[in-house]
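What follows is one structure encoded as structure tokens, with my remarks underneath.
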Amino acid sequence: MHHHHHHGTGKILKWSAVATLAFVVFEVGAGFRAGSLALLSDAGHNFTDALALIMAAFGYYLQFRPADDVKTYGYHRAGVLAAFVNALTLVILSLFLFWEAMERLLHPAPVQSTIMMVVSAIALLLNSGIMLGLHRDKNDLNVRAAFIHMLGDALSSVAIIAGAILIRWTGWLQVDPILSILIGVLIIWTAWDIIKESLNVLLEGLPSGLELRHVTDAMRGVEGVMDVHDLHIWSLSSSAHALSCHVLIDDMPPSSSEAILKRINTVLCRFHIHHSTVQFEHVKCALSQMPCTIPVQHGHDHDHEHSHE
2 MHHHHHHGTG KILKWSAVAT LAFVVFEVGA GFRAGSLALL SDAGHNFTDA
52 LALIMAAFGY YLQFRPADDV KTYGYHRAGV LAAFVNALTL VILSLFLFWE
102 AMERLLHPAP VQSTIMMVVS AIALLLNSGI MLGLHRDKND LNVRAAFIHM
152 LGDALSSVAI IAGAILIRWT GWLQVDPILS ILIGVLIIWT AWDIIKESLN
202 VLLEGLPSGL ELRHVTDAMR GVEGVMDVHD LHIWSLSSSA HALSCHVLID
252 DMPPSSSEAI LKRINTVLCR FHIHHSTVQF EHVKCALSQM PCTIPVQHGH
302 DHDHEHSHE
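Per the working numbering: the sequence shown = residues 2 to 310.
Pasting the structure below:
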């Protein structure tokens, strides 16, 4: 059932990209015919949306590939990387829109408001349909980036329709470039959160919503744990988190420390950390400040134990 859900979302992303590319060709033609910078700006936005959907689909399929000898953590970050690139292209596009809009403000040009309204209404229907399909999986950072692309486009379509009505009623041609600037501001605003969150994952920052001291305190509260240090927590993807740390315990054989490891992993699950590497250190070893031969134990669904020199 879970696999079917992933397959369904990937299929929606793929066909959404095809539909968006087809619409871009139509919108560019309509934009030139209407003489509307807002429509051409929206076509540019739609083109980046199509690229975003293609990258999102590629990243979405890739992140479910199993780990191998080269990518030992798997391909979880493929989706995060796609989200980062998508958001960055949105910002670059917005800067271009600002430049073009300033030119048009200084030199207003006539536009055909009827074409603007019809094309934007079609765009609104298309974007709303894609958003509906992606909404169920929008907690995935990659899918959310694509969703926000669509949301930005839907809102800009509404703005263009309103602007076309205003131009028809008042003849105020500056409405068109002003709308283009507003669309650019909207794009940057929606892209910024995606850039921050994806960069945090790519730079192995602390997962959003977690505090290091809370995890440390919870681990120190585990029976048999005397102290915790060298604690690192990072994200493999927008939903998969990993941890490594040193845990100080009494001197005991590895078979006895197994129970402590299980209790630690139970605590870590409360923080949605399911891949952990815990290095146990003995009290007398820690006090002597000498290198120790100590067991390295991993908690990831089932426990592994290795010797670490």
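Each residue gets a CB set at the ideal place from its N, CA and C atoms; glycine is no exception. Remember, predicted model here, so these are calculated numbers, not experimental data.
Contact check for L82 against L203 passes: the beta carbons are separated by less than 8 Å. Under the three-state reduction of DSSP, T73 is assigned to coil, being neither helix nor strand. Annotation for I13: G134 and L135 place their beta carbon closer than 7 Å to its own, counting only its chain and skipping 5 residues before and after. Counting of Cβ neighbours within 10 angstroms places I149 among the buried residues, the total reaching 16 or more.
By the neighbour-count criterion, in which a residue is buried when 16 or more other Cβ atoms sit within 10 angstroms of its Cβ, Y74 is exposed. Counting of Cβ neighbours within 10 angstroms places T90 among the buried residues, the total reaching 16 or more.
Across the structure, N143 and S209 are spaced so that their CA atoms are roughly 16 Å apart.
Excluding sequence positions up to five before and after L207, its CB lies within less than 7 Å of the CB of L213 and I234, all in the same chain and listed in chain order. Put simply, the stretch 47-59 does not touch the stretch 164-180. Fewer than three CB pairs are less than 8 Å apart. DSSP places H108 in the coil class of the three-state scheme, outside both helix and strand. Looking at the DSSP output, W235 sits in a beta bridge with A243. The closest CA to that of M117, considering only A146, K197, A35 and A110, is found on A35. In the structure shown, the three-state DSSP call for H230 is strand. For L211, the closest of M56, R137 and C270 by C-alpha to C-alpha distance is C270. The beta carbons of L249 and M220 sit about 11 Å from each other, so the pair does not count as a contact at 8 Å. For M117, the enclosing alpha helix (DSSP H) stretches over residues S114 to L135. Annotated as distal: I179 and S121, with beta-carbon spacing of 8 Å or more. Residue burial annotation: I93 is exposed, with fewer than 16 other C-beta atoms found within 10 angstroms of its C-beta. I250 has H283 as its beta-bridge partners, per DSSP.
Between K197 and W190, the alpha-carbon positions lie close to 12 Å from each other. Only residues of its own chain outside the window of five on either side were considered, and among them I261, R264, I265 and V268 have a CB closer than 8 Å to the CB of V223, listed in chain order. Nearest to L38 by C-alpha distance, out of V176, H283 and L54, is V176. Runs of the alpha helix (DSSP H) lying entirely within the stretch 153-179 and spanning at least 4 residues: none are present. Burial is judged here by how many other beta carbons sit within 10 angstroms of a residue's own beta carbon; A110 has fewer than 16 and is exposed.
Membership of S37 in any alpha helix (DSSP H) is not indicated, and neither H nor E is assigned to it by DSSP. Closest in alpha carbon position to M103, among A88, L183 and S257, is L183.
Going by beta carbons, L22 and A31 fall outside the 8 Å limit. Straight across, the Cα-Cα distance linking W100 with A53 is about 23 Å. Classified as buried, E282 has 16 or more neighbouring CB atoms from the shown chains inside 10 Å of its CB.
Here DSSP, grouped into helix, strand and coil, assigns V223 to coil. Leaving aside the five residues that flank I195 on each side, the residues in its chain whose CB is nearer than 8 Å to its CB run, in chain order, A84, F85, N87, A88, L142, R145, A146 and I149. C-alpha of R137 to C-alpha of V229: approximately 39 Å in a straight line.
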